[in-house]
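**Student:** So that we are looking at the same thing, I have put the structure below in structure tokens.
Residue numbers (our numbering), protein chains in the order written: chain A, 790 to 911; chain B, 155 to 261.
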């Protein structure tokens, strides 16, 4: 059974960089049909897609965050990471790592981590 | 970006009821529409892709329909475990966007 687990600091200071890692277990991170991504959700609010990375390292990002976001993949560790710089209080949300399946019409976020709350505060 | 609008924002229903949730896209997205279920404190669960195809393991009481700009999620005979928030999401463009969610509550 595929499992995803987020890890990283739960508290980040304003203007600094938020860094999270997702560790994937129980499956391969290098299959061509599977991409890997991040989604966030302010507590009690809706979902916002942050970005996705392919096994080959191709990325696509939400334009609203693109200037501040970097997603990278470490296939040797079966991990992928999120970096969001210049954070503000608006970046205080729950962050989920996800597997993003893209195979013709089968296109969606089919596995999710449990989510990790990151608070931006001094 | 394509905007996704769900209605209603919330609804109250009883066990056994038939429930319908609507999702409208700001432009045509063909059938590139997914549905997710999120229970309180949990990560979302992938229910339906391609507007009407059930993800593996999803009960058959869930169904999706629609194309173009208007889509519907139907739950026939609502079960206690179905009380949750439901989100639609478009996959027509590389910029994935979600609806704001519809909360299904117990009447």
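Even for Gly, the Cβ is constructed at its ideal location relative to N, Cα and C.
What you are looking at is a predicted structure, and each value in this text was computed from that prediction instead of being measured.
#1: Short check: CB of residue 818 of chain A to CB of residue 840 of chain A, under 7 Å?
#2: Would you kindly work out how many angstroms separate the C-alpha atoms of residue 820 of chain A and residue 168 of chain B, rounded to a whole number?
#3: Could you tell me whether the segment 176-189 of chain B touches the segment 854-870 of chain A, where touching means 3 or more Cβ pairs closer than 8 Å?
#4: My assumption, with CB atoms under 8 Å, is that residue 223 of chain B sits in contact with residue 191 of chain B. Please give the rounded CB distance.
#5: Please confirm if the segment 798-813 of chain A is in contact with the segment 842-856 of chain A, defined as three or more CB-CB distances below 8 Å between the two stretches.
#6: Candidates B/219, B/202 and B/220: which alpha carbon is nearest residue 212 of chain B's?
#7: Relative to the alpha-carbon of residue 221 of chain B, which residue among B/162, B/231, B/244 and B/200 has its alpha-carbon at the smallest distance?
#8: Are residue 826 of chain A and residue 887 of chain A closer than 7 Å when you measure CB to CB?
#9: What whole-angstrom Cβ distance do residue 899 of chain A and residue 252 of chain B have, given they're in contact under 8 Å?
#10: Enumerate in chain order the residues of its own chain whose CB-to-CB distance from residue 238 of chain B is below 7 Å, with the five nearest sequence positions on each side excluded.
#11: Mind checking the segment 224-250 of chain B against chain A and listing, in chain order, the residues whose C-beta falls within less than 8 Å of any C-beta there?
#12: Would you please verify whether the beta carbon of residue 824 of chain A is less than 7 Å from any beta carbon of chain B?
#13: Is residue 848 of chain A helix, strand or coil by DSSP?
#14: At the level of alpha carbons, what is the spacing between residue 869 of chain A and residue 160 of chain B?
#15: For residue 846 of chain A, is the classification buried or exposed, using 16 other Cβ atoms within 10 angstroms of its Cβ as the cut-off for buried?
#16: Say whether chain A places a C-beta atom closer than 7 Å to the C-beta of residue 181 of chain B.
#17: Mind checking if residue 814 of chain A is an interface residue toward chain B, Cβ cutoff 7 Å exclusive?
**Tutor:** Reading from the atomic positions:
#1: By one-based count along the first chain, residue 818 of chain A stands at place 29. By one-based count along the first chain, residue 840 of chain A stands at place 51. It is not a contact, given that the beta carbons lie outside the stated cut-off.
#2: In the first chain, residue 820 of chain A corresponds to position 31, counting from 1. In the second chain, residue 168 of chain B corresponds to position 14, counting from 1. Cα to Cα, residue 820 of chain A sits roughly 43 Å from residue 168 of chain B.
#3: Touching, no.
#4: Here residue 223 of chain B corresponds to residue number 69 of the second chain, with the count starting at 1. Here residue 191 of chain B corresponds to residue number 37 of the second chain, with the count starting at 1. About 22 Å separates the two Cβ atoms, so there is no contact after all.
#5: Short answer: they don't touch.
#6: Your numbering for residue 212 of chain B matches position 58 in the second chain. The candidate whose alpha carbon is nearest that of residue 212 of chain B is B/202.
#7: Position 67 of the second chain, counted from the start, is the residue given in the question as residue 221 of chain B. The option with the nearest alpha carbon to residue 221 of chain B is B/244.
#8: Along the first chain, read from residue 1 onward, the residue named residue 826 of chain A stands at position 37. Along the first chain, read from residue 1 onward, the residue named residue 887 of chain A stands at position 98. Yes.
#9: For the purposes of this step, residue 899 of chain A is taken as the residue at position 110 of the first chain. For the purposes of this step, residue 252 of chain B is taken as the residue at position 98 of the second chain. Between residue 899 of chain A and residue 252 of chain B the beta-carbon gap is near 15 Å, outside 8 Å, which marks them as no contact.
#10: Taking the second chain and counting its residues from 1, the one referred to as residue 238 of chain B is at position 84. Setting aside the 5 residues that flank it on each side, residue 238 of chain B is surrounded in the same chain by 191, 192, 193 and 258, each with a C-beta closer than 7 Å to its C-beta; the list follows chain order.
#11: Along the segment 224-250 of chain B, going in chain order, the ones with a CB nearer than 8 Å to a CB of chain A are 241, 243, 245, 248, 249 and 250.
#12: By one-based count along the first chain, residue 824 of chain A stands at place 35. Judged by the 7 Å Cβ criterion, residue 824 of chain A is not in contact with chain B.
#13: In the first chain, residue 848 of chain A corresponds to position 59, counting from 1. The answer is strand: DSSP assigns residue 848 of chain A an E or B state.
#14: Taking the first residue of the first chain as 1, we reach residue 869 of chain A at position 80. Taking the first residue of the second chain as 1, we reach residue 160 of chain B at position 6. Going from the Cα of residue 869 of chain A to the Cα of residue 160 of chain B covers about 32 Å.
#15: As a first step, residue 846 of chain A must be located in the first chain, where it is residue number 57. By the 10 Å Cβ count, residue 846 of chain A comes out exposed.
#16: For this step, residue 181 of chain B is matched to residue 27 along the second chain. Output row for residue 181 of chain B: interface = no.
#17: Position 25 of the first chain, counting from 1, holds the residue named residue 814 of chain A. No, because no Cβ of chain B sits closer than 7 Å to the Cβ of residue 814 of chain A.
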